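Student:
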Amino acid sequence: MMLFGPLLIACIPGICILLITWWLSKKSVSLFVKLLPGLTTIVIAIVLFYIGFENIRGFEGAAYGLFSIFLILFASASFVFVRRPKAT
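If you count the sequence shown from 1, position 55 lands on 38 in this note's numbering, and the numbers rise without skipping.
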């Protein structure tokens, strides 16, 4: 349960990030705008990891750390999704 709780909680914003990235990749916007949801997620994950490591500590801090790791995985999937060549 220690592993699946943060994973299931990270699925909610992670799926939203992937949907926003997919929507932006369909539009003709710049690459920076397409990468913005993933970059924002990386910053949020780093802040959450710091809060869990420095302020909360213990098992709850470890849950924050796992949550941030799963968010970083979703952000990296978003980066791969944006950088993928389009099939024509």
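For every residue, glycine included, the Cβ atom is placed at its ideal position computed from N, Cα and C. Being a predicted model, the structure only gives us computed values, none of them experimental.
Whole angstroms are fine: how far does the CA of S8 sit from the CA of G(-12)?
Tutor: 30 Å
Student: Determine the contact status of F62 and L18, defining contact as a CB-CB distance below 8 Å.
Tutor: yes
Student: Mind checking whether G48 and F36 have CB atoms under 8 Å apart?
Tutor: yes
Student: By how many angstroms is the C-alpha of G41 removed from the C-alpha of L1?
Tutor: 31 Å
Student: Output the distance between the C-alpha atoms of L(-14) and W5, rounded to the nearest integer angstrom.
Tutor: 27 Å
Student: Please work out which residues of its chain come closer than 7 Å, Cβ to Cβ, to I25, disregarding the five sequence neighbours upstream and downstream, and give them in chain order.
Tutor: Correct list, in chain order: I55 and A58.
Student: Among G(-3), C(-1) and S11, which residue has its Cα nearest to the Cα of K69?
Tutor: S11
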